[in-house]
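S.K.:
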Amino acid sequence: MPNMLHYFAAVSGSTVVRPLFFVFPSDRLARDNDWEFMWGEAMLIIPALDMSPEVYAYLPQDASWYSLRDPDYGVKSASGLEHLNAGIDEVLPVFIRGGCIIPRQAPEMTTIASRKNPLELVIALNDSAEASGTLFWDDGESPITENCCGIYQFKMRANSTHAEFTVTGNAANVPIPPLNVIDIFGYDWQPHFETAVVNGVSRSLSSCASYDSSKRVISINCTNLLNISSVGQSISWSNTYWEIVDPDKRIDCLPAPRTDSVGNRCAQVGCIYDNNANGGVPACYFPRRSGYVKTGTTTDGVVLERYPGVANPYGDNMSPIFFKYSQIGSTVNIRIGPEGRYEPPLSLPRESYDTGEVLVVEQSTETGVFAFKVKRLSTNQSIWDTTIGGLMFADQYIQIAAFIGSSEIFGLGEHTRSRFRHVVNNYTTWPMFSRDQFPSSSTSYQNLYGVYPFYLAVENDHKAHGVLILNSNAQELMIGPAPHIVYRTIGGMLDIYFFPGPRPEDVVRQYAAFVGKPALPPYWAFGYQLCKYGYKSLTELKETISEVQKAGIPLDVVYADIDHMDLYQDFTLGQNWKELPTYIKELHDQSMHAILIFDPAIQVDSESFERGINKSAKFVEWERNDQVPRAIQDLYPLVNNTKIMLGTVWPLKHVAFPDFTAPQTREWWKNEILRFHKEVGFDGMWIDMNEPTNIGTNENDTQPITPNHSNRPYISPLMCPLNGPDSKYDMPLYETYNVFVYENGAEKSYLSSKTLCMVGMTKAGRIYDTKTLYGFYESIATRAGMEAVTPKRPLVLTRSSFPSGGRYAGHWLGDNIASYGDLRVSIAGIQDFSMFGIPYVGADICGFRGNTTEELCLRWHQLGAFYTFSRNHNDIGQIRQDPAAWPSVAAAARKSHLFRYRYLPYLYTLHYFAAVSGSTVVRPLFFVFPSDRLARDNDWEFMWGEAMLIIPALDMSPEVYAYLPQDASWYSLRDPDYGVKSASGLEHLNAGIDEVLPVFIRGGCIIPRQAPEMTTIASRKNPLELVIALNDSAEASGTLFWDDGESPITENCCGIYQFKMRANSTHAEFTVTGNAVCEMVLPSMRKICLKLFRSVSSWTKESYSEVLFGLF
1 MPNMLHYFAA VSGSTVVRPL FFVFPSDRLA RDNDWEFMWG EAMLIIPALD MSPEVYAYLP
61 QDASWYSLRD PDYGVKSASG LEHLNAGIDE VLPVFIRGGC IIPRQAPEMT TIASRKNPLE
121 LVIALNDSAE ASGTLFWDDG ESPITENCCG IYQFKMRANS THAEFTVTGN AANVPIPPLN
181 VIDIFGYDWQ PHFETAVVNG VSRSLSSCAS YDSSKRVISI NCTNLLNISS VGQSISWSNT
241 YWEIVDPDKR IDCLPAPRTD SVGNRCAQVG CIYDNNANGG VPACYFPRRS GYVKTGTTTD
301 GVVLERYPGV ANPYGDNMSP IFFKYSQIGS TVNIRIGPEG RYEPPLSLPR ESYDTGEVLV
361 VEQSTETGVF AFKVKRLSTN QSIWDTTIGG LMFADQYIQI AAFIGSSEIF GLGEHTRSRF
421 RHVVNNYTTW PMFSRDQFPS SSTSYQNLYG VYPFYLAVEN DHKAHGVLIL NSNAQELMIG
481 PAPHIVYRTI GGMLDIYFFP GPRPEDVVRQ YAAFVGKPAL PPYWAFGYQL CKYGYKSLTE
541 LKETISEVQK AGIPLDVVYA DIDHMDLYQD FTLGQNWKEL PTYIKELHDQ SMHAILIFDP
601 AIQVDSESFE RGINKSAKFV EWERNDQVPR AIQDLYPLVN NTKIMLGTVW PLKHVAFPDF
661 TAPQTREWWK NEILRFHKEV GFDGMWIDMN EPTNIGTNEN DTQPITPNHS NRPYISPLMC
721 PLNGPDSKYD MPLYETYNVF VYENGAEKSY LSSKTLCMVG MTKAGRIYDT KTLYGFYESI
781 ATRAGMEAVT PKRPLVLTRS SFPSGGRYAG HWLGDNIASY GDLRVSIAGI QDFSMFGIPY
841 VGADICGFRG NTTEELCLRW HQLGAFYTFS RNHNDIGQIR QDPAAWPSVA AAARKSHLFR
901 YRYLPYLYTL HYFAAVSGST VVRPLFFVFP SDRLARDNDW EFMWGEAMLI IPALDMSPEV
961 YAYLPQDASW YSLRDPDYGV KSASGLEHLN AGIDEVLPVF IRGGCIIPRQ APEMTTIASR
1021 KNPLELVIAL NDSAEASGTL FWDDGESPIT ENCCGIYQFK MRANSTHAEF TVTGNAVCEM
1081 VLPSMRKICL KLFRSVSSWT KESYSEVLFG LF
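Residue numbers for the sequence shown follow full-length UniProt numbering, so the first one is 1 and each next one is one higher.
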């Protein structure tokens, strides 16, 4: 290829190495990007300019791109911004552009030897299934003359029935090797090589040609395929469109792993078997004519009877079932199922936030079975289309599938993903069932602590919608390449809510209006927080806190993990922690706060448990007396005549699990909190292990191990019914991917692994149905307990959660790993939970599991300063990782958190509006710039509100490759480039270890702030300041919410102030408007343009040293 490009440079003056914008002249980002380049117009090269294992690349959007390197050879990459592997053991990322044909030869040790090998072609089809290219060939050394050489044009065209490849050109006077190999990328049809015609003669290529349907790649490797030196060479063959159902549009009929013959079972249930399916494409799949047929109507819907042609593979379809459609404002609700099914017992606001967008529901029988479509009225765009088929409704296997009309999907949880946006070019199943499973960047697709069956999709015209499936049973959602989804659950019913947007931010506000808006944490909760599991005594904790304070690092909250308990029992203090109440008073004297951990499991011979029994508190029980393992039960007098299910967690004896759905239990829990708070005086509660976790379930040959107690006595583990009639809940016919993803060879997993038996009972129903709600109900009970303790706003932090959980608690992302991969996935995590209605969220800074490194911990503190919940926490037995452990980390933590504290008035204001309107705090870029395609591609940068852009540094490279959205102006907020306006688009930015991450204020915005101190209480006493960044119209606006930082929000609790700035070449005006109803004394306000200042009575006019960016 270089030889050919150089030939045309010699005869026509064209370029060989080309900047991106030479090939894409109207692409602004191609002009910004001057570190990538092309060979001609066909090959894109992405350099790696440091030792980072990844490069942040831009693949121009007006083209399709296919990788030319192993192991992703032939794979189509999404255009736009991408993180790409750039390891030292592989070639740089190199792509061929769709529509191009590149000639090549197998390499040897010299060019002379290489030139003797047969010619090969790489053909990359464009969206029109066409491609073309050229080859120049001579002897490689003689002067160029008229008859010295050959110039050959290649063309390829294909459609659903036919494909043709042609070669034209002049006959050279030099020998040219034969063309033996042709690879074709982006081929969307099934080729029939037995029908091939080569140069007008039938010639089957079946023995030397193959097709990979998962990659859409044809590989032809036939000896003496074409002699291109002869004039007029061609190859053609016929195609067929995929029989029955396109491999991109399938619903797996047997999604559970199987060891028997899939084909036989597939035929038995009436599904279609494809023996040639590969690459994750379902081999056994439902025909589109499968599901239910409409047989009647009701006052609010239709009656459906099962279609007899295709059976449910995991049970008998119930019949009849009902389809019902209703609206809550602009929110559409569709309910499918028989009467009387279990539904999550949730008290939700079920309100609507209307934007004028309307969704409509249309029924259809176009495939011979009942289907429906949800459409956007303004565009007639289908956002859910169930004509794909596959509706199933058995007692323990419920399925619905739909074309979703968008390949840009966000949400679903709780999982770890390196990208906020889901990948839809293959079949990926996301299980959802609360489980004590630590997150890890190396193991995706596992269900973690919480359950969020909610996603947001962006349509082709940039409008967004949301879908919530309100179900608390074990469930999963498969995202497929059509694009389509397949939702499966093993209980309950289908209760689906559609939110019309049209902006992404609108979708989240509509979701929050329905499930409930998040609680506003107290102001101190936004300070830096420090925790460790494994302190041997209070003295060790105090020494660590003292060192952090001596390092000049702001610190607001100190945690005590389970180390503080007496043998790991809730509501107790261990021997080495008896002075904890005194220390907490000392913290309060320093304007600091303390949070303690609490697990739900209660030791069954403890005083706390006895008080619960005496107060008629309820605990999770076996369904029947004959299920109770009496040999264990009889060990404990308080439970020996009960059905209470006993398990094993951290305490050294058996434990019981409070049933927080019962009011008697919530009352007892509240009283335990009151009792313990009088003794210890903690400020917040951290509730852990509430999936709920039970250690050692079904592991008869092992025993739970508690750290520091390796000589603990053996206690029998919880054993669930895994055979017989009671096993239908712990081992249903379809166990879901919540089980499958944890199985490894002979190692069996169960729904009850690491938790309680599914046959267990609560007041709200069977654990099989309610387990996912356990942490949610504990959050409700715990918040109520804290509200009884103090008139101030409580802080509760929970590990397990469910939609609406943000009303009661914040969330941390769990027991992550000290790795750069986990640093990165935390960004998707905080964006997920911002969408889920829990804006107060963060990951354990420096990583919880495994030993961190100085460099990683430094980078993590830089990023963690921009989590809304900012806490350093690590595991027992790991090296020390508080920021004072290394001077470099201390410096980074100090600088980054002083920056954070400076802007807490803005962060707090964002949280207030989240609490009252359901808006987001941490925002993906496309929430602020919904029509910017690159903003959707870029999911490692994020914003605080709509004003502040944060650019993370995810490795030790001194630079980050950043995207500053183009529909705005941007000003730096960090030293030494403070106030400097940056060009929008793609930029390389400094990201040194000795400075704050790149942070920008958006033009048109006003941000309130205060000079930082070592605690939030001290910072709040400093004068208020404003940063004003003018937009291109020389205007800016912003808002401040101010209260005492801890009282419940009431009508007269606080002040809300709007700032506006306008300027032109002759005049500038700054105004403040708002309410002045609060009685508190506000800090002085440093203001702007005193002459034209219109004051509010609460503000003083003492000084004016404001920061104004972009003024003339």
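From the three backbone atoms N, C-alpha and C, an ideal C-beta is built for every residue, glycine too.
Assign S216 to one of two classes, buried (16 or more other C-beta atoms within 10 Å of its C-beta) or exposed (fewer than that).
M.R.: For clarity, residue 216 is Arg in the given sequence; the question names Ser instead. So R216 counts as buried.
S.K.: Measure from the alpha carbon of W65 to the alpha carbon of each residue in F95, D89, P53, then state which is nearest.
M.R.: Checked all of F95, D89, P53; the closest Cα to W65 is F95.
S.K.: Just curious, the alpha helix (DSSP H) that I46 is in, first and last residue?
M.R.: Where I46 is concerned, there is no enclosing alpha helix (DSSP H), given that its DSSP letter is neither H nor E.
S.K.: Between the alpha carbons of A9 and E408, how many angstroms are there, rounded?
M.R.: Cα-Cα distance, rounded: 41 Å.
S.K.: Between V361 and V374, how many whole angstroms is the CB-CB distance? I'm expecting something under 8 Å.
M.R.: At roughly 6 Å, the Cβ-Cβ gap stays under 8 Å, so V361 and V374 are in contact.
S.K.: Does the stretch 285-302 touch the stretch 318-326, meaning 3 or more C-beta pairs lie closer than 8 Å?
M.R.: Yes: the two stretches touch, three or more of their Cβ pairs being nearer than 8 Å.
S.K.: To the nearest angstrom, report how far apart N700 and D436 are at their CA atoms.
M.R.: Approximately 19 Å, taken between the alpha carbons.
S.K.: Taking the Cβ atom as the reference point for each residue, do F526 and L904 lie within a distance shorter than 7 Å?
M.R.: Yes, the pair counts as a contact, with Cβ atoms nearer than the cut-off.
S.K.: If you reduce the DSSP assignment to three classes, tell me which class A885 lands in.
M.R.: Helix at A885.
S.K.: Since W860 is in the alpha helix (DSSP H), which residue starts that stretch and which ends it?
M.R.: Here the alpha helix (DSSP H) through W860 covers 854-864.
S.K.: If you follow the beta strand (DSSP E) that M1061 is in, where does it begin and where does it stop?
M.R.: 1055-1063 is the span of the beta strand (DSSP E), which, as asked, contains M1061.
S.K.: So what does DSSP say about F619, is it helix, strand or coil?
M.R.: DSSP places F619 in strand when its eight states are reduced to three.
S.K.: Drop a sphere of 10 angstroms on the beta-carbon of K550, count the other beta-carbons inside from all chains shown, and report buried for 16 or more, exposed for fewer.
M.R.: The residue is exposed, with fewer than 16 neighbouring Cβ atoms inside 10 Å.
S.K.: Would DSSP call P905 helix, strand or coil?
M.R.: Three-state result, P905: helix.
S.K.: Which runs of the beta strand (DSSP E), 3 residues or longer, sit entirely within the stretch 533-601?
M.R.: Runs found: 557-560, 593-598.
S.K.: With burial defined as no fewer than 16 other Cβ atoms inside 10 Å of the residue's Cβ, what is the status of E339: buried or exposed?
M.R.: With fewer than 16 Cβ atoms within 10 Å of its Cβ, E339 is classed as exposed.
S.K.: Whole-angstrom Cβ separation of D252 and G74, contact assumed at under 8 Å?
M.R.: Between G74 and D252 the Cβ distance is about 25 Å, and since that is not below 8 Å, they are no contact.
S.K.: Can you tell me where the beta strand (DSSP E) with D385 in it begins and where it stops?
M.R.: Taken as a continuous stretch (DSSP letters only), the beta strand (DSSP E) holding D385 covers 381-385.
S.K.: Which runs of the beta strand (DSSP E) spanning at least 3 residues fall entirely within the UniProt domain "P-type" (233-288), listed in chain order?
M.R.: Qualifying beta strand (DSSP E) stretches, in chain order: 233-240.
S.K.: Can you list, in chain order, the residues of its chain whose CB lies under 7 Å from that of H462, leaving out five sequence neighbours each side?
M.R.: Taken in chain order, the residues that qualify are P930, S931.
S.K.: Skipping 5 residues on each side, what residues in its chain have a beta carbon closer than 6 Å to that of Y533?
M.R.: The answer, listed in chain order, is D561, D875, I876.
S.K.: Tell me the residue span of the alpha helix (DSSP H) that contains Y777.
M.R.: Segment 774-789, the alpha helix (DSSP H) holding Y777.
S.K.: On a Cα-Cα basis, can you pick out the residue from P1083, D1032, P1048 that is closest to E1025?
M.R.: Nearest C-alpha to E1025: P1083.
S.K.: Would you kindly work out how many angstroms separate the C-alpha atoms of F926 and R104, rounded to a whole number?
M.R.: For F926 and R104, the distance between alpha carbons rounds to 41 Å.
S.K.: If W668 and M645 are in contact, beta carbons under 8 Å, what's the gap, nearest whole angstrom?
M.R.: The Cβ separation is near 18 Å, so there is no contact.
S.K.: Assign S1098 to buried or exposed, taking buried as 16 or more other Cβ atoms, counted over all protein chains shown, within 10 Å of its Cβ.
M.R.: Note that S1098 has pLDDT 41, beneath the 50 cutoff, so the model's placement of it is unreliable and no number is given.
S.K.: For the stretch 573-592 against the stretch 600-610, are there 3 or more C-beta pairs whose distance is under 8 Å?
M.R.: No, the stretch 573-592 is not in contact with the stretch 600-610.
S.K.: Taking the C-alpha atoms as reference points, what is the distance between Y314 and V960?
M.R.: Distance between the alpha carbons of Y314 and V960: 50 Å.
S.K.: Exposed or buried, which one is D231 when buried takes at least 16 other CB atoms within 10 Å?
M.R.: The sequence as given places Val at residue 231; Asp does not occur at that position. Per the 10 Å Cβ criterion, exposed.
S.K.: Give the DSSP bridge partners of T489, in chain order.
M.R.: Paired residue(s): I398, Q475.
S.K.: With 16 other CB atoms within 10 Å as the buried threshold, where does T798 fall?
M.R.: When all chains shown are included, T798 counts as buried.
S.K.: Quick one: complete beta strand (DSSP E) runs, 3+ long, within the stretch 303-359?
M.R.: Counting whole runs of 3 or more residues, the stretch 303-359 contains the beta strand (DSSP E) stretches 321-328, 331-337.
S.K.: What did DSSP end up calling V11 once you bin it into helix, strand or coil?
M.R.: Residue state, collapsed to three classes: helix.
S.K.: List the endpoints of the continuous beta strand (DSSP E) containing Q153.
M.R.: Q153 -> beta strand (DSSP E) spans 150-158.
S.K.: So does the stretch 719-727 actually touch the stretch 677-694, counting three or more Cβ pairs closer than 8 Å?
M.R.: Output reads no: the stretch 677-694 does not touch the stretch 719-727.
S.K.: On the premise that G98 lies in contact with A124, defined as a C-beta separation below 8 Å, what is that separation, rounded to the nearest angstrom?
M.R.: With a Cβ gap of about 5 Å, A124 and G98 count as contacting.
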